[in-house]
Each structure stands twice: as C-alpha cells, then as structure tokens.
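Just so we're aligned, residue 1 is where the sequence shown starts under this note's numbering, counting upward by one.
The beta-carbon is built from N, C-alpha and C at its ideal position, and this holds for glycine as well.
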Amino acid sequence: MIINNDINYSITHENSKINYEKLSILINDFLNKKNLDLDKVSQIYVNRGPGSFAGIRNSLSVVKAFHLANKIDYYCYSFEDFSEKNEVKYENIPKLCDKLKVEKNLINPIYLS
C-alpha cells in the first residue's frame, strides 16, 4: 500500500516463491501503474512478522536496498505491536507507528517457528 496525500493505492499478490524472487519488479510495476515515482517516496512501513523466514528476509532485504539506494526511511512494525490489532487498517499504520514511537531504520523480525 502506498499512501500519498491521503490517497491510498494498494495491490495484493498470491503468495508464491516466484514473487519473492521478483519483489522489487512487482513494486516497480505497481509504482508505474499508479504513475508514482520512487524518488518521491519518503517512508516505507514493512510488516516484520510473524511470518516465514524467507518471506521476511526477502521483504526486509528489498526495503533495506531502497533505503540505501534512495535514502528512504523505513519502519518495521508487527500487528502484535498494536493493542487493538483486530481493528488496525493498513492506512493507519504510519500514525500508529508514530504514536508508539517505532524507531526508524531498525529491524527486529519475528519468525514463526
């Protein structure tokens, strides 16, 4: 999901091993379809789990690459961070992370065992 000036853009993909291999391509295609430019992205919010090791590792690797290449700050959250997790909507994640003072550019993944 991308939130730009209170406009939400979202996309979903079926979970597959192929998607992990082409995650950055999927993100780039999504930006292009919405006429959005990665240079204008200032923050990325990524769910740090719980989830599979490979899925979290790949997602965080792509986010860190965007951070290094484009100086985009990232915030890693988990729905477990939020007390009312059943009522959390993706578009509220930035405000919730700000409220809970989630540190930027810090990763603490939660893997399923």
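Selected residue, minimal CA-CA separation from K71, among K104, Y9, M1 and K22: Taking the first residue of the sequence shown as 1, we reach residue 71 at position 71. When only C-alpha atoms are compared, the closest one is K104.
Environment of Y90 [buried if 16+ CB atoms lie within 10 Å]: What you label residue 90 is simply residue 90 of the sequence shown in a count that begins at 1. Flag for Y90 reads exposed.
Reduced DSSP secondary structure (H/G/I, E/B, other) of K101: In the sequence shown, residue 101 corresponds to position 101, counting from 1. Looking at K101 - three-state DSSP - the assignment turns out to be coil, as it is neither helix nor strand.
Helix, strand or coil at N15 [DSSP, three-state]: Counting from 1 along the sequence shown, the entry for residue 15 is found at position 15. Correct three-state label for N15: coil.
Under the three-state DSSP convention, the category D6 falls into: Your numbering for residue 6 matches position 6 in the sequence shown. D6: coil per DSSP, three-state reduction.
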